[in-house]
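Colleague: Below is one structure. I have some questions about it.
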Amino acid sequence: MEVPDPQVNLANGLFVVATPIGNLRDVTLRALDVLNGVDLIACEDTRITSRLLTRYGINTPMVAHHEHNAAAVRPRLLGALDAGEKVALVSDAGTPLISDPGYKLVREAAAAGHRIIPVPGASATLAALSAAGVPTDRFLFVGFLPEKQVARQKALRALIGEDATLVIYESARRLPASIKDMAANLPGREVVVARELTKRFEEFVRGDIQEVCDHYQRAGPPKGEVVVLLGPPPVEEVSNASVDAALRAILDDVGVKAASSAVAALTGQPKRDIYARALKLTKSADPANSTDPK
Ligand code: SAM
């Protein structure tokens, strides 16, 4: 079978196709079939996409669709879909719509009744998360932070209580300034800077946020592209004395069950442990259990 396979029978609609984030061999076989089989490819920069197409011998016509011309080009793409053409949307790298243009096209094409077909593949977010070694059970995609420092600090402060790994896209040039703001506003989090993923100089810089921040203040901006991952906030130690004090404050009013739930939610400690402490407190407060000589 040839790659791309010229026999592939594509449905009509808009294909949202992920492309590599560096290593051109990360393209999927299905992405090649689709890019070869559609009538038109909407891409951010025709020079960048033509490198991928040339590498795999694909000659499909391209049309530029980027941040600055998307509103003007959208009617043409929707018109092509209305006329029964198959259209692929790609970005310069990775998955379209992930900090890349396309959501209005997808929304309008869906509203016009066209099929939207995802063709998944590379994304810097998942590549970074998969190899960083920070918790991945809950993560928040932050995307790009504001470039201006005041707005960036405000955006970071809004993330203080977020109990999740944060995924931040950043330009390498701004990394030292931006990581300094991260260290000041989100202290204690573990950080991983994933740089040049899937490329020759791929690198992961891992550590405490203040140490990594100091490193980039000394070394200056790195070369290439970076994703910054900030692990969840550190869990604060809560003493038994504080747990008991919180329980005592509400036990009489709400009872063992509700008090345990509330204090467990407040402290992040396991509910069954708090429940056991609450039971012990109620028993010791019961005069029938008193050992005091009267
Ligand atoms: N749509 C893309 C995706 O799925 O990841 C992201 C596009 S966004 C305009 C570009 C940003 O993604 C870069 O500034 C960088 O933060 C991140 N990025 C893209 N490729 C990368 C790579 N090879 N290594 C590290 N970060 C990368």
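Whatever position you read off the sequence shown (first residue = 1), add 155 for the working numbering. All C-beta atoms, glycine included, are put in the ideal place defined by N, C-alpha and C. This structure is a prediction, so every number in the text was calculated from the model and none was measured.
Assign Val-242 to one of two classes, buried (16 or more other C-beta atoms within 10 Å of its C-beta) or exposed (fewer than that).
Modeller: Here the question's residue 242 lines up with position 87 in the sequence shown. With 16 or more other Cβ atoms within 10 Å, it is buried.
Colleague: Look at the alpha carbon of Gly-177 and the alpha carbon of Ala-282, and state the distance between them as a whole number of angstroms.
Modeller: Indexing the sequence shown from 1 puts residue 177 at position 22. Indexing the sequence shown from 1 puts residue 282 at position 127. C-alpha separation (whole angstroms): 11 Å.
Colleague: Say yes only if the C-beta of Lys-354 is nearer than 7 Å to one or more non-hydrogen atoms of the ligand SAM, and no if none qualify.
Modeller: For the purposes of this step, residue 354 is identified with residue 199 of the sequence shown, where counting begins at 1. For the ligand SAM, at least one heavy atom lies less than 7 Å from the Cβ of Lys-354.
Colleague: Rank Asp-188, Thr-215, Ala-313, Arg-329 by C-alpha distance to the C-alpha of Thr-201 and give the top, closest one.
Modeller: As a first step, residue 201 is located in the sequence shown; it is residue number 46 there, counting from the start. Of Asp-188, Thr-215, Ala-313, Arg-329, the residue nearest in Cα terms is Thr-215.
Colleague: Would you please state the rounded distance, in angstroms, between the beta carbons of Pro-273 and Glu-199? I believe it to be under 8 Å.
Modeller: As a working note, residue 273 is residue 118 in the sequence shown. As a working note, residue 199 is residue 44 in the sequence shown. Pro-273 to Glu-199, Cβ: 18 Å. No contact.
Colleague: Name the one or two DSSP bridge partners that Ala-338 has.
Modeller: In the sequence shown, the residue the question calls residue 338 occupies position 183. Paired residues: none, contrary to the question.
Colleague: Would you mind reading off the limits of the alpha helix (DSSP H) that contains Tyr-430?
Modeller: On the sequence shown, position 275 is the one that residue 430 refers to. Tyr-430 -> alpha helix (DSSP H) spans 426-440.
Colleague: Short of 6 Å in beta carbon distance, which residues of its chain neighbour Ala-419, apart from the five on each side in sequence? Order them along the chain.
Modeller: Here residue 419 refers to the residue found at position 264 when the sequence shown is read from its first residue. So the qualifying residues of the chain are Lys-426, Ile-429.
Colleague: In chain order, what are the residue ranges of uninterrupted alpha helix (DSSP H) at least 4 long that sit wholly in the segment 327-377?
Modeller: The segment 327-377 contains these whole alpha helix (DSSP H) runs: 330-340, 364-374.
Colleague: Assign Leu-406 to one of three DSSP states: helix, strand, or coil.
Modeller: Your numbering for residue 406 matches position 251 in the sequence shown. Correct three-state label for Leu-406: helix.
Colleague: Flag Glu-317 as yes when its Cβ comes closer than 7 Å to any non-hydrogen atom of the ligand SAM, and as no otherwise.
Modeller: Locating residue 317 in the sequence shown gives position 162, counting from the first residue. Answer for Glu-317: no, Cβ out of range of the ligand SAM.
Colleague: Give the range of the beta strand (DSSP E) segment to which Pro-389 is assigned.
Modeller: Residue mapping note: residue 389 aligns to position 234 of the sequence shown, counting from 1. Neither: Pro-389 is in no beta strand (DSSP E) and is coded neither H nor E.
Colleague: How about Glu-222: is its Cβ closer than 7 Å to a heavy atom in the ligand SAM?
Modeller: Stepping through the sequence shown from its first residue, residue 222 is reached at position 67. Because no heavy atom of the ligand SAM lies under 7 Å away, the Cβ of Glu-222 does not count as near it: no.
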